[in-house]
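Residue numbers (the numbering used here), protein chains in the order written: chain Y, 8 to 98; chain B, 8 to 98; chain H, 8 to 98; chain V, 8 to 98; chain E, 8 to 98; chain G, 8 to 98; chain R, 8 to 98.
By construction, the Cβ of each residue, glycine as well, lies at the ideal position given by its N, Cα and C atoms.
Report on one structure; see the data block that follows.
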Amino acid sequence: MSLNIKPIGDRVVVEAAPAEEKTASGIFIPDTAKEKPQQGTVVAVGDGKKDEPMTVKVGDVVLYSKYGGTEITIEGKEYLMMRESDIYGIL
Amino acid sequence: MSLNIKPIGDRVVVEAAPAEEKTASGIFIPDTAKEKPQQGTVVAVGDGKKDEPMTVKVGDVVLYSKYGGTEITIEGKEYLMMRESDIYGIL
Amino acid sequence: MSLNIKPIGDRVVVEAAPAEEKTASGIFIPDTAKEKPQQGTVVAVGDGKKDEPMTVKVGDVVLYSKYGGTEITIEGKEYLMMRESDIYGIL
Amino acid sequence: MSLNIKPIGDRVVVEAAPAEEKTASGIFIPDTAKEKPQQGTVVAVGDGKKDEPMTVKVGDVVLYSKYGGTEITIEGKEYLMMRESDIYGIL
Amino acid sequence: MSLNIKPIGDRVVVEAAPAEEKTASGIFIPDTAKEKPQQGTVVAVGDGKKDEPMTVKVGDVVLYSKYGGTEITIEGKEYLMMRESDIYGIL
Amino acid sequence: MSLNIKPIGDRVVVEAAPAEEKTASGIFIPDTAKEKPQQGTVVAVGDGKKDEPMTVKVGDVVLYSKYGGTEITIEGKEYLMMRESDIYGIL
Amino acid sequence: MSLNIKPIGDRVVVEAAPAEEKTASGIFIPDTAKEKPQQGTVVAVGDGKKDEPMTVKVGDVVLYSKYGGTEITIEGKEYLMMRESDIYGIL
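If you want it as structure tokens, here you go:
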């Protein structure tokens, strides 16, 4: 589940969950949720900013702002590069 | 009353009270209160920001800015994800 | 004169004085004072921000910016929730 | 020359000098000086901000920005409530 | 792979990879990726800002924001001068 | 060359040099220099901001931004009240 | 190569290189480079900001942002007064 990239600072790479997925913890993201947070899995984590270690770790299932990240393509797959502050919480 | 999500940093998850509710402490939120703070119950709390522990805790009934939060859906129920600074006070 | 709410951080709840009131210290707020500070009584005070204790206390009669607060209704009465920085001075 | 109000933080209450006054130090503020600093006397001073004591004191004759203050009326007289940073210098 | 320029502060000089290149780690940047991060190689690195040493070093293959850098021409070749914060991650 | 005013904080009072003057160090300010820095002599200096002593002193001939100061009139003469950061350099 | 002016704080005076010059290190600035950094030689350096000593020194050949400086005329010659942060790197 880890990825061959080292994010800089407080950046995180997230693999977005497919739409309408229902997770183990039972969070349901309906297809029509346009403004709502997205769900995904953390696949790479930076070392954090000075004196501020990271909270999330690789493997965490997270809710994140759909407006916070930047799409990147690694080995033909789409991921999102975002800052930890774009992540709302860990499920 | 707790929820299966760990908010990041100073974020808080609040379950909004139904409109027109009258609480134990007697605060009445009329149906026409368009610009006024909303009332709800804290259901999840982050660990706070660096050197700034959180003030609110799970179970607190709070007044919050209706413009400060983001709607999230967990197990089919609507909640609000907000920062503690969006909370005005604890009832 | 105290109120059943605990403001978060540097927030303060103020009960506005009726218009045209003349206080013990003789400050007169005429009915036509449209842009001028308002006068009221502090009814609840937060614990302040990190390393910055509050200056005002419950019972203080204060002048405050009429643009700084948010109206809240508690037990059927109107109050103003504001930050201490919205208060100009203690009478 | 002191006034029955305690400004909060770095705020100062100033009694504006009448227009066209000529002070002991000889500063002349002509009637047509529209954009120029105003002159007045400090009548109340706050305790300053955290770790930043105040420089001005009650009785100081000061030049101040005419755009920095807020008019307040105390005992039927007009004063200006401003921050110390709105004061340019002490005459 | 190093370059005869010493960037100031947290600046970095990057040599952009040709479009559609496929790197050793398998990241594929298609020709049509208009909004996506760019890939390149670090050729010069500043000493960092006060108390914040640099993370990237000469020779690192990096993903960077295509909007963050400034084009410079050294010895007839194009490079990008950017801040380390414009770099998303190291491949 | 000193002046009967004590600027607050990092403020400085400057007496502008007449246009087209040529100083001892040979700086020539042509009449048509519309966007260029102005030259003048420091006549009063504040005590600086917290932990930041002042660099300029009374008597220094300085180049300053013509957009940074505020005109004041003392004893019938025009001066400029500015912050030290509006001064580019000492001649 | 030094100049009779002491810049304040982190300011630097740069003598711009003539257009299309080719330096010892081989950087070529073509006549049509409209948005690209400019090259010049540092002729005066301030003492830096509090706790932040300067990196560049008199005599350094530097690349700088053409939008960062202010033109000044000293002894009939044009120079640029800029902050060190407007300098990209030392050649």
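Cβ-Cβ distances below 6 angstroms link glycine 55(G) to Asp17 and Met61 in the same chain, with the five nearest sequence neighbours on each side left out; the list follows chain order. Proline 25(G) counts as exposed, since fewer than 16 other C-beta atoms from the protein chains shown sit within 10 angstroms of its C-beta. Excluding residues up to 5 positions away in sequence, Pro44 and Leu70 lie with their Cβ nearer than 6 angstroms to the Cβ of tyrosine 95(G) in the same chain. At a cut-off of 9 angstroms between beta-carbon atoms, proline 44(R) makes contact with chain E.
Identification of chain R residues near aspartate 58(G) by a Cβ-Cβ cut-off of 8 angstroms yields Lys57, ordered along the chain. Taking a Cβ-Cβ cut-off of 9 angstroms, methionine 61(G) has no neighbours in chain V, whose nearest Cβ is about 14 angstroms from it.
Counting of Cβ neighbours within 10 angstroms places tyrosine 86(E) among the buried residues, the total reaching 16 or more. Under the Cβ criterion of 9 angstroms, valine 20(Y) is counted among the residues facing chain E. Within the same chain, and ignoring the five residues on either side of aspartate 93(Y) in sequence, the residues whose Cβ sits closer than 7 angstroms to its Cβ are Tyr71, Ser72, Gly75 and Gly76.
Any Cβ of chain H closer than 9 angstroms to the Cβ of glycine 96(B) would place that residue at the interface, and such an atom is present.
Using beta-carbon distances, leucine 10(B) does not count as an interface residue toward chain H, since no partner is under 9 angstroms. With 16 or more other Cβ atoms from the protein chains shown falling within 10 Å of its own Cβ, aspartate 67(Y) counts as buried. Taking the CA atoms as reference points, valine 20(H) sits about 12 angstroms from leucine 98(B).
For the pair glycine 53(H) and lysine 13(H), the CB atoms are nearer than the 9 angstroms cut-off. Chain-ordered, the chain E residues with CB closer than 8 angstroms to the CB of leucine 70(R) read Ile12, Ile79 and Met88. With respect to glutamate 91(V), valine 65(V) sits apart: the two C-beta atoms are not nearer than 9 angstroms. Taking 9 angstroms as the threshold, the shortest C-beta distance from glutamate 85(B) to chain H does not fall below it. For glycine 75(B), not one C-beta of chain Y is nearer than 9 angstroms to its own C-beta. CA-CA distance, glutamate 59(Y) to glutamate 59(B), rounds to 13 angstroms. DSSP places glutamate 91(V) in the helix class (H, G or I) of the three-state scheme. Beta-bridge partners of proline 14(E) (DSSP): Gly96(R).
About 11 angstroms separates the Cβ atoms of valine 50(Y) and glutamate 82(Y), ruling out a contact at the 8 angstroms cut-off.
Using a Cβ-Cβ cut-off of 9 angstroms, glutamate 82(B) does not count as an interface residue toward chain H, since no Cβ of chain H sits closer than that to its own.
Separation of methionine 88(V) and glutamate 78(V) (C-alpha to C-alpha, rounded to the nearest whole angstrom) is 6 angstroms.
Shown here, glutamate 82(B) sits in coil according to DSSP, grouped into three states, outside any helix or strand. Residue-level contact check: glycine 53(E) touches chain R, since one or more beta carbons of chain R fall below 9 angstroms from its beta carbon. In the three-state DSSP reduction, lysine 73(E) falls in the coil class, being neither helix nor strand. For glycine 66(G), the closest Cβ of chain V is not nearer than 9 angstroms. In the structure shown, lysine 57(R) falls within a coil segment according to DSSP collapsed to helix, strand and coil.
In the three-state reduction of the DSSP assignment, threonine 62(B) falls in the coil class. Rounded to whole angstroms, lysine 84(V) and lysine 84(G) show a C-alpha spacing of 32 angstroms.
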